[in-house]
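One structure is given here, and the rest of the page talks about it.
Residue numbers (the working numbering), protein chains in the order written: chain E, 108 to 315; chain W, 108 to 315.
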């Protein structure tokens with residue numbers, strides 16, 4: 108990314124991109140129509156797009172295809188990236204068996220687990236390797252991104268192995284909070300998502 | 108929640124709460140030490156806490172236990188909530204078999220699936236029911252929150268069934284974007300998380 112956009116703007120542009128992916132390129136969208144589709148106020152969308160740079164728009168609104176190309180131009184979302192999954196429990200397996208290939212961008216090319224027996228027994232179209240081979244395999248297979256789906260106590264070493272292999276970004280689903288100055292790390296924590304949801308419910312009766 | 112706090116503040120307080128849960132109550136934390144633990148600038152933390160209300164603090168910092176109680180007082184995170192899971196594929200099963208019970212707040216009390224055979228065959232400590240019973244079971248079991256882990260095309264009807272049962276909040280993992288004026292909905296989309304991660308990597312080589 109050449110522009111230094113605010114994190115929240117990037118986050119909203121990602122959401123808009125997702126909605127546009129499923130649309131006909133010729134569809135014309137006003138910012139208020141687009142806003143309704145993504146649950147974001149129209150003025151925020153207009154502000155994000157103006158912060159992100161120039162975009163041709165008529166009074167009628169944005170053409171879906173042009174908006175898609177514009178966001179693509181910022182982030183190059185149509186370039187395929189190679190992804191690996193560390194930890195092939197139920198969650199990790201769900202990524203390996205139902206690959207997140209929306210838009211063809213993310214290609215799962217390897218899975219890792221410390222349990223050698225599991226690796227040998229599990230049926231998978233994606234090749235599976237022992238965890239200790241992680242750094243070497245990441246280099247060899249030119250893997251860009253890693254998904255961490257291991258228990259909390261194994262999260263840090265998994266991140267270090269990925270980093271040693273030269274990975275650029277990590278999506279962490281373990282309960283540990285990971286962070287690194289050299290690579291992009293995104294922590295997704297299920298209990299916290301539920302807790303956030305709870306905090307947003309105004310009239311939830313909690314025994315009072 | 109009685110206060111109308113900014114969404115980002117709520118989100119950060121949730122993260123701080125998670126870190127505090129794992130600490131000794133007597134630990135004293137400066138805002139910069141706390142900031143390092145959660146990857147948030149110290150001044151943002153101080154601002155969030157002042158927006159959220161008064162909090163006793165010494166010059167040395169905050170006591171972990173007092174900060175935990177303070178956030179609890181805002182959101183009542185220690186009150187147990189009853190949760191159901193719709194869709195027991197690999198992802199849904201991961202919630203049922205490894206319950207998100209951090210802090211004892213979330214209790215998974217039911218799973219639902221349209222595949223009756225799967226319900227009958229699957230071994231689970233959590234009772235499983237056919238999807239068409241969802242609204243009735245949610246009422247009967249007094250379920251507060253729902254996790255949606257069904258395919259995109261089944262997401263909307265699942266939300267409607269949950270709503271009919273009186274659910275207060277939904278955590279949606281299906282690729283569909285859900286929203287409702289009456290209930291709190293949080294969409295978590297894996298491809299989008301990866302895409303966001305990609306957008307945050309400054310020097311990712313993407314064939315240029």
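Ideal placement from N, C-alpha and C gives every residue a C-beta, glycine not left out.
Quick check on residue 68 (chain W): does DSSP put it in helix, strand or coil? Outside the modelled stretch of chain W, which goes from 108 to 315, sits residue 68 (chain W), for which no answer is possible.
Cβ atoms of residue 127 (chain E) and residue 322 (chain W): under 9 Å apart, would you say? Nothing can be reported for residue 322 (chain W), as the shown portion of chain W is limited to 108 through 315.
Please classify residue 135 (chain W): does DSSP put it in a helix, a strand, or coil? strand
Cutting at 8 Å between CB atoms, please list the residues of its own chain near residue 251 (chain W), excluding the five before and the five after it. The answer, listed in chain order, is 188, 189, 190, 274, 275, 276.
Using a beta-carbon distance below 9 Å, is residue 222 (chain E) in contact with chain W? no
Could you check where the alpha helix (DSSP H) with residue 303 (chain W) kicks off and where it finishes? 297-307
Is the shortest distance between the beta-carbon of residue 145 (chain E) and the beta-carbons of chain W less than 9 Å? yes
In angstroms, rounded to a whole number, what distance separates the CA positions of residue 159 (chain E) and residue 245 (chain E)? 33 Å
Since residue 219 (chain E) is in the beta strand (DSSP E), which residue starts that stretch and which ends it? 213-220
Any idea which residues DSSP pairs residue 193 (chain E) with across the strands? E:219, E:255
In this structure, how does DSSP classify residue 294 (chain E) when only helix, strand and coil are distinguished? Of the three classes helix, strand and coil, the one that applies to residue 294 (chain E) here is strand, per DSSP.
Around the Cβ of residue 296 (chain W), are there at least 16 other Cβ atoms within 10 angstroms (buried) or fewer (exposed)? Buried: at least 16 other Cβ atoms inside 10 Å.
Cα-Cα separation, residue 282 (chain W) to residue 308 (chain W): 24 Å
Per DSSP, which one or two residues make a beta bridge with residue 279 (chain E)? Answer is E:255, E:294, bridged to residue 279 (chain E).
In or out: residue 170 (chain W) buried (at least 16 other Cβ within 10 Å) or exposed? buried
Pull the bridge partners of residue 169 (chain W) from the DSSP assignment, please. W:136
When you compare only the Cα positions, how much space is there between residue 143 (chain W) and residue 288 (chain E)? 12 Å
Mapping the DSSP letters down to three states, classify residue 112 (chain W) as helix, strand or coil. coil
Using a cut-off of 8 Å between C-beta atoms, extract the partners of residue 158 (chain W) located in chain E. Within 8 Å Cβ-Cβ: nothing; residue 158 (chain W) doesn't reach chain E, min ~14 Å.
Test: residue 150 (chain W) CB closer than 9 Å to a CB of chain E: no
Is there a C-beta anywhere in chain E that falls below 9 Å from the one on residue 248 (chain W)? no
Inter-stretch contact (C-beta, 8 Å, three-pair minimum) for the region 170-179 of chain W and the region 128-139 of chain W: Yes, they touch.
Determine which residues share a DSSP beta bridge with residue 188 (chain W) and list them. W:213
Do you know offhand how far residue 212 (chain E)'s Cα is from residue 183 (chain E)'s? So the two alpha carbons sit approximately 10 Å from each other.
When the Cα atoms are used, what is the spatial distance from residue 125 (chain E) to residue 299 (chain W)? Going by the C-alpha atoms only, they are around 7 Å apart.
Determine whether the Cβ of residue 227 (chain W) lies closer than 9 Å to any Cβ atom of chain E. no
Give me the Cα-Cα distance between residue 291 (chain E) and residue 224 (chain W), rounded to the nearest whole angstrom. 42 Å
Near-chain W residues of the region 121-146 of chain E - C-beta to any C-beta below 8 Å: 121, 122, 124, 125, 126, 144, 145, 146
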